Amino acid sequence: MSTMTATPAAPAAAPPSPPPPPPPAAFLDVRQLHKSFDAGKNVVLSGASLTVPRGSLVTILGKSGTGKSVFLKCLAGIVRPDQGEICFEGRPLNADNPEARAEFRRRCSYQFQSNALFDSLTAYENVALPLEQTTRLPNREIRDRCLHALRQLELETSAHHFPSQLSGGMQKRLALARAIVTRPEIVLFDEPTAGLDPLRRNSVFEMIAKYRRQFGFTAVIVTHDIPEALVASDRVALLDDGTMRFQGTPAEFLASTDDAVHAFRDSADALRQTLAALPPPPPPPPVPASTAHHTP
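Take 2 as the starting number for the sequence shown in the working numbering and just add one per residue.
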C-alpha cells in the first residue's frame, strides 16, 4: 500500500503593510496668491506660492518692484490677497476662519523695512509697546521681558535712549528686539538690509541668523541681496513676474538653469559680457599745436 505524503499548508500571507504616514503639513504654506491694484490694472502677484518649513530661514529674492513686500504683507495680514490661500499649520487663514487668523497674529511678528520705531519713545518703550497693546501681562513681567530682549541684543545700556540717539545698526537691533519680545514662532523681515553698505548688510544677516538659532523662531526674509542670502538661508525663493519661479536650497539655486534665475543670479556676468562687446572708445582728439607744451 502506498503512503501519501501530506502537502504542508502554505504559510499565511503576511498582512499588508500600513500606508506610510502623510508628510507633516508645512508650517506656513502659501498657495496661488493673486493681488492687483488700481482696479486690476496693476497686477503684482499672479499665482505666487511658497512653502516655509518650521524652524527654517527662508529668503525671498527678486528685483525691486516685483511684489516681494506685497507678498510679505499678504502673509502678515496687512494686505488682503484677491485670490489664493495662506495656511498656517494646515489651517487656512481667511475671513471665514477668524480664530486661525488671530492665532497666527499672536504667534507671528513683522519687522518693517524702515524699522518703524517711534521717535518719541525710548528704546525700552518701543520694545514694551507690543506687549502693552496685545497682552494682559503684569507690568513686572513686561519689564522683565523687555530688559531681557534688550540684554540679548546688547542694548540694555541704551534702554532709555531715543532712536535718534542710536546708530543705524543699533536701530536694526532695537527693531528686532521689539519683533521678538512677544516670543513669536515666525518673524517676517521686510528688506532688513535696505540702504546699508555691504559690511552692515553682513551684520544684519548675521544678527538674524544668530538670534533665530538662539530664540528658535522661523524667519522669512525679503531682500535682493544675493550673496548674503545664499550664505545665511536654509531655502531661497525667487519672485519674478508675479510668481515664484524657484524654490529650493542655496546650492540648488546656484545650479538652476531657469532663465529667470540665471538672469537675476548672473546679472554681473551679463553686464561684464555686455561691456566687453561694446566698441572701443574713440581715440582722444589731438592737442592743438598752439596749446602743446614745448620743452625749451
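Even for Gly, the Cβ is constructed at its ideal location relative to N, Cα and C.
Only a predicted model underlies this, so the values are computations on that prediction, with no experimental measurement involved.
DSSP lists Ile187 as the beta-bridge partner residues of Thr219. By the 16-neighbour rule on beta-carbons within 10 angstroms, Val232 is exposed. Between Glu229 and Phe247, the beta carbon gap of about 18 Å keeps them out of contact (Cβ cut-off 8 Å). Where Glu86 is concerned, the enclosing beta strand (DSSP E) starts and stops at Gln84 to Phe89. Shown here for Asp226: same chain residues with a beta carbon closer than 7 Å to its own, the five before and five after excluded, namely Thr194 and Arg202 in chain order.
For Lys211, DSSP records no beta bridge to any residue. Val80 carries a coil assignment under DSSP once its states are collapsed to helix, strand and coil. Looking at the DSSP output, Tyr111 sits in a beta bridge with Leu189. With respect to the 9 Å criterion, Gln172 and Asn116 are classified as neighbours on the basis of their beta carbons.
The beta carbon of Arg146 lies closer than 6 Å to those of Val182 in the same chain, with the five residues before and after it left out. The straight-line gap separating the alpha-carbon atoms of Gln112 and Lys74 is approximately 11 Å.
One Cα belongs to Gly41, the other to Met245, and the distance between them is close to 20 Å. Less than 9 Å separates the beta-carbon of Thr224 from that of Leu62. Ser234 is classed as buried because its beta carbon has at least 16 other beta carbons within 10 Å across all chains shown. Annotation note: the region 250–279 contains the following uninterrupted alpha helix (DSSP H) runs of length 4 or greater, listed N- to C-terminal: 251–256, 260–266 and 268–278.
For Leu51, the uninterrupted beta strand (DSSP E) run begins and ends at Asn43 to Val53, by DSSP. Distance from the CA atom of Leu189 to the CA atom of Pro139, rounded to whole angstroms, is 27 Å. Within the same chain, Leu231 and Arg266 come within 8 Å of Leu255 by CB-CB distance, once the 5 residues on both sides are set aside. Each of Ser37, Phe38 and Val53 was checked against the Cα of Ala27, and the nearest Cα belongs to Val53. In the three-state scheme derived from DSSP, where H, G and I count as helix and E and B as strand, His162 is classed as coil.
Spatial neighbours of Arg144 in its own chain (CB-CB distance under 7 Å, excluding positions within 5 residues in sequence) are not present.
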